[in-house]
Amino acid sequence: AQTVTQSQPEMSVQEAETVTLSCTYDTSESDYYLFWYKQPPSRQMILVIRQEAYKQQNATENRFSVNFQKAAKSFSLKISDSQLGDAAMYFCAYRSHTNAGGTSYGKLTFGQGTILTVHP
Amino acid sequence: NAGVTQTPKFQVLKTGQSMTLQCAQDMNHNSMYWYRQDPGMGLRLIYYSASEGTTDKGEVPNGYNVSRLNKREFSLRLESAAPSQTSVYFCASIRDPGSYGYTFGSGTRLTVV
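Protein sequence lines correspond, in order, to chains X and F.
Per the numbering used here, residue 442 is the first one in the first sequence, and the count goes up by one each step.
Per the numbering used here, residue 5 is the first one in the second sequence, and the count goes up by one each step.
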């Protein structure tokens, strides 16, 4: 079974600065997806960024980028120019890639979460 | 608005009571999931339904049952609530197991006293 570990229960950053959230995972699979989700106080789960394991290029979405190290099984999220609206719980998640006949059934495995505080 | 609707949003139960959490999606998604969120543990999969007519256990199924009533609706039932089931429950859906555009409901905060 796959496991996802977020070793930073809490992080803080000053507005306009950069912060990196860590995530490691354990799997024996070679093809999979990794995600970062944001959960603000409203509880809504918002997709921040997605990475396919077969892609060597790190995914980016505006101020959000990842450092995907497949061999090290590491998937960190970098938030640049942090804004007050970035304050939230952030979850790293893993999903097997489903090929024809695959059995992952789209199940997500989540890390424990990191609470990000942004100071003005 | 298209999405995943969960009812109720909040609920307090006494130990031993039963209740059903409702989830409905209007995006014609085939696969649906129930997760629970607990502090320090992230979201853990309770049950899932890869397609209409099928259901299967996830990581923490004990104390729960599910019903995939039709393609739109996937309910979670607690037959005899226990304080350990105090949690926030999320329903999610995707078009099919091979896609990755998950849509989550807004969650149900359940307290068992």
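Here a beta-carbon is modelled for each residue, glycine too, at the ideal position from N, C-alpha and C.
Note that the structure is predicted; figures quoted are calculated from it, not measured.
Cα-Cα separation between Ser97 (chain F) and Ser448 (chain X), rounded to whole angstroms: 28 Å
task: Report, in whole angstroms, the separation of the C-beta atoms of Ala85 (chain F) and Gln21 (chain F), which I expect to be a contact under 8 Å.
output: 5 Å
message: Let me check understanding here. Comparing Cα to Cα, which of X:Pro481, X:Ser483, X:Gln510 lies closest to Tyr495 (chain X)?
response: X:Gln510
task: Using the DSSP secondary-structure output, state which residues sit across from Val445 (chain X) in a beta bridge.
output: X:Tyr466
query: Grouping DSSP H, G and I as helix and E and B as strand, with all else coil, what is Val116 (chain F)?
result: strand
Reference Thr11 (chain F); option with closest CA among F:Asp60, F:Leu80, F:Tyr104: F:Leu80
- prompt: So, is the C-beta of Lys548 (chain X) closer than 8 Å to a C-beta in chain F?
  reply: yes
- prompt: Checking contacts by CB at 8 Å: is Gln485 (chain X) closer than that to chain F?
  reply: yes
- prompt: Excluding sequence positions up to five away, which residues of its chain have a Cβ less than 6 Å from the Cβ of Glu83 (chain F)?
  reply: Ser22
task: Return the residue from the list X:Gln455, X:Ser463, X:Met452 that minimises the CA-CA distance to Val445 (chain X).
output: X:Ser463
Residue(s) in a DSSP beta bridge with Met23 (chain F): F:Leu82
task: Could you spell out where the beta strand (DSSP E) holding Asp42 (chain F) opens and where it closes?
output: 35-42
- request: Evaluate contact between the segment 472-481 of chain X and the segment 450-457 of chain X, counting only Cβ atoms and requiring at least three cross-stretch pairs below 8 Å.
  value: no
- request: Taking Asn74 (chain F) as part of the beta strand (DSSP E), name the residues at either end of that continuous run.
  value: Asn74 (chain F) -> no beta strand (DSSP E), and no H or E assigned at all.
field: Inside the segment 486-546 of chain X only - beta strand (DSSP E) runs reaching at least 3 residues
entry: 487-493, 505-510, 515-520, 529-537
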